[in-house]
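Protein chains in written order, with UniProt numbering: chain F, 1 to 340; chain L, 1 to 752. Yeah, the Cβ is synthetic: ideal placement off N, Cα and C, and Gly gets one too. Only a predicted model underlies this, so the values are computations on that prediction, with no experimental measurement involved. Remarks on the structure that follows.
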Ligand SMILES: [Fe+3]
Ligand SMILES: [Mg+2]
Ligand SMILES: [Zn+2]
Ligand SMILES: [Zn+2]
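Structure representation (structure tokens):
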């Protein structure tokens, strides 16, 4: 083993032998560059299909702690970018990954992160074809930050976008909400939340393909990440120019997540997810979409939560258990108490 | 009369003088006094051109001040000489109105006047038993108004064509129905019926509804500003049925009774009685247990010291009250959290699950208005919820605001109400409710449009709360107009200054603003404040020592959270453990330590919640805003005079920790502890405010904020401020329902 150091030092970012060792030892065999050049050279065959389009997205990932029940930052970085491609109808193909590593980070931690990235990439059918590392002073980063960029292919004829949503279309989520956010709160350790919750982090490419196969007129989909289901629905309602009404009773929530939210005064609609999406299908394709989603492991908990309406454009409301209708807003900055 | 002895005067009358029978009143006086000339409505009010003997003219001037019609309010009378035309007029006439102007043209809805109330009971009279009887001195106004100007064609009376007899009354200046727009009789007016299961039941609607009610049923009744749900207020089972169906476990239910029946169950003071009997007919909070006819079921207002009563305010209510001969619960007919329903089909759809029957009629409600809620404190009447009977009344702007721009103030989030200023007047809109509720939000947007039209308003600037998450703030931002951002408690202070006509240059005032929450100028959350300032600006000179809101908004619903953090801060963590054995204390304490959803707040409301929880009168989770604070007030009312607990004064901060320690050591009866708590807050704030006045830094002390709906606390503050000028809320709510007036005045002051 050429890399004897247990911890990453500034020398590993210096561009010399130490860095080469780090890259060889940790990243080679996981990442699959096409050549030794500092660029990936990708086949454009798929674009020969008339009407095929490229999907292209990038995201940076920062999470504390970097390892948590059900995943780590590497899994987040692969799934997050894969999902960004998938919800737009792109079939994920290639990823890049760039790491900003804090001096002193445990090398074994890096190994574990990179290993999960490989597992997730294989599951999703993408190849990590290029990458980069930088090492920064202690305190300039929190262990490791990862940026991934993804390219996918959108098959000819596929057009998924919020503007296609019509009043009456049905909104479906693929499973219980808020597990990731509640899990991360618990994993911080300082709250002493005892729970068996795991992050919902998962790649959703196969789920999207299954839903599309069953519901060819699937209108649009959005992954519910930061800001939770509430933010995803607000974005989508705004872009679509429709209202959306969801039903509190229909929202899939684990009792543990509800309990955590109650104690901490958080709203599960705003909790982060990393393997959840909401999609809109025409009413007559809803049952087929549900059945198809439930046949995929990441869609086992799929349920209808509401529908698009012809109320005020961009307004998301929730029919509450008491029968009233509460406006579900976008978060404005951090959540400040409002009750006077 | 010969030209020789004839003087002419042109008299301008300003105020609420249109649509209230003012012109026929002037006409009647002129005829009585043998004067000639004419009277007309114009953009500025009423204009009287009158000629005759000087003594008669003087009597006319006196009458304009002393004999005005019941619904009129005269703000100013100005007289100049009138060059009497030649030839002089031979009589006195009511001239056609001038062009529409700037001020509001419609008055608030008014309770049935004594003459109409007597008329419906007059056997054989044309309107005997008629539920829609009204005249110039009473009846629906704003709730039936669709558009301006206010005449029958623009109201929901438009479809009812007057019969010849009504038309004759309408046209006769000597009749009390002269130009009464909603004039009606059984031959031509709206029709009342009773239905069950979606089908009309044949028979007398009042008798059928009364039978259902006295049998323990729940009946939805279409009123003036919306539907009520009614049941027999003496029937505990009916009350609990209503609470279960409406999913309203504890919030007090309002009652209606005839004056005679009310006297059997409550003992209003003379001040309370005259408030009940005003044309506005508000719900008035009256102490429980004063009646001689035995107690009413506790389920009407569990844990509270007062019941909300109102007198019948339409002929329909008079007839029904007479038929049941007992008090009825009259609570707003809505789904939990939603606004009151106003349409017949809407009522059938939404209230069908609550109500066993419906009293319906075919006059539409154009504008939804809740009942106003008011109470009488040691310092006079004060409004808690400003709606039916009070809007669209205007308030004159204080001196110095003559050149104020037109301001639109957007109000707050929870008790939303908007305010518009124009031409020296402020129009504070009606109570709307919580803006996260979708239908309330729609009503808010409708109100923005309605009041703009009503006031012919073209805002130069928009005033909003500092809180970026208030929907009202966001709506203000969306107008694209120049914005003035106003700190929440500064707005409360300006509201109380404004309603007391405090001049723009009246000098700084010490504002004791005891409130729930409002975003502070320093981005922390305020709510127990001593401010020194005026309309233009303020300085924060004192506050309750902040404590974390453990769980953010959850701390606003669950009083025990506030108790835990206050006890922890006082070094009484063990006591918190004993008092709150079931609570998830450990997780919450860690969340507070880690800063997870635990912003600091100096809220006085949350201190009330904490103390109410300490004394065991707070529910685990409140089912309505202010529940714990009101229970603490009710408890303290039995505690008698009390000595304050100690507090620590550290710089500008008032630390209640010593109070909790002293309470923990004393082990007194809860009623005494509750009384001492009120005294503690009053002394702590009054002493500091008084010092500002005595040092010449403040001209007066003003009291505002939602916590000052607590009359006991207000009385204690006044007591400790004896000798110092004190400004209080009367016509404008101390709670967030008055916020928009303060925002508007601050906006105007900055815009001048
Ligand atoms: Fe307030
Ligand atoms: Mg992205
Ligand atoms: Zn009348
Ligand atoms: Zn008639």
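Note that the stretch 154-169 of chain L does not touch the stretch 18-26 of chain L; fewer than 3 beta-carbon pairs, one per stretch, sit closer than 8 Å. Cβ proximity to chain L below 8 Å picks out 315, 317, 320, 322, 323, 324, 325 and 326 from the stretch 315-326 of chain F. When C-beta distances to chain F are compared with 9 Å, the residues of the stretch 335-352 of chain L below that value are 335, 336, 337, 338 and 350, in chain order.
Close to ligand 4, as judged by a C-beta nearer than 5 Å to any of its heavy atoms, are the residues 163/L, 166/L, 185/L, 187/L and 188/L, in chain order. Annotated three-state conformation of residue 29/L is helix, per DSSP. Residue 113/F and residue 72/F do touch by the CB rule: their CB atoms are close to 5 Å apart, below 8 Å.
Relative to the Cα of residue 196/F, the nearest Cα in the group 161/F, 257/F, 223/F and 30/F belongs to 257/F. The nearest non-hydrogen atom of ligand 1 is 6 Å or more from the C-beta of residue 132/F.
Among the bridge pairs identified by DSSP, residue 511/L is matched with 531/L and 702/L.
Contact check between the stretch 533-541 of chain L and the stretch 602-615 of chain L: fewer than three CB pairs, one atom from each, fall below 8 Å, which does not count as touching. A Cβ of chain F is located within less than 7 Å of the beta carbon of residue 587/L. Taking a beta-carbon distance threshold of 7 Å, residue 142/F does not count as an interface residue toward chain L. Using a cutoff of 6 Å, the CB of residue 518/L counts as near ligand 1, since one of the ligand's heavy atoms is closer than that. Interface criterion met: the Cβ of residue 552/L is under 7 Å from a Cβ in chain F. Interface criterion not met: the Cβ of residue 211/F is under 7 Å from no Cβ in chain L. Shown here, residue 83/F sits in a helix according to DSSP, grouped into three states.
Runs of the beta strand (DSSP E) spanning 3 or more residues and lying entirely within the stretch 292-337 of chain F occur at 303-309, 316-319 and 325-327, in chain order.
Residue 231/L has its Cβ no nearer than 6 Å to any heavy atom of ligand 3. Under the 7 Å criterion on CB atoms, residue 263/F is classed as interfacial with respect to chain L.
Ranked by how close their Cα comes to the Cα of residue 297/F, the residues 56/F, 176/F, 135/F and 98/F have 176/F in first place.
Measuring C-alpha to C-alpha distances from residue 433/L to each of 427/L, 406/L, 443/L and 152/L identifies 443/L as the nearest. For residue 234/F, the enclosing alpha helix (DSSP H) starts and ends at 228-240.
Rounded to whole angstroms, residue 581/L and residue 661/L show a C-alpha spacing of 19 Å. If you look at residue 715/L, you'll find it in the alpha helix (DSSP H) that goes 711-720. For residue 672/L, the enclosing alpha helix (DSSP H) covers residues 670-694. At least 7 Å separates the beta-carbon of residue 322/F from that of residue 332/L. For residue 223/F, the enclosing beta strand (DSSP E) stretches over residues 220-223. Distance from residue 306/F to residue 214/F at the Cβ level is roughly 20 Å; contact not present, criterion being Cβ atoms closer than 8 Å.
Within 10 angstroms of the beta-carbon of residue 274/L lie fewer than 16 other beta-carbons, which makes it exposed. The C-alpha of residue 172/F is placed about 16 Å away from the C-alpha of residue 235/F. Against residue 193/F, the close residues of chain L are 587, in the order they occur along the chain (beta-carbon pairs closer than 7 Å). When DSSP states are grouped into helix, strand and coil, residue 30/F belongs to the coil group. Proximity to ligand 3 was defined by a C-beta distance below 5 Å to any of its heavy atoms, and the residues meeting it, in sequence along the chain, are 113/L, 116/L, 135/L, 137/L and 138/L.
For residue 165/L, the enclosing alpha helix (DSSP H) stretches over residues 164-171. Pairing residue 42/F with residue 481/L, the inter-Cα distance amounts to about 53 Å.
In the three-state reduction of the DSSP assignment, residue 106/F falls in the strand class, which pools E and B.
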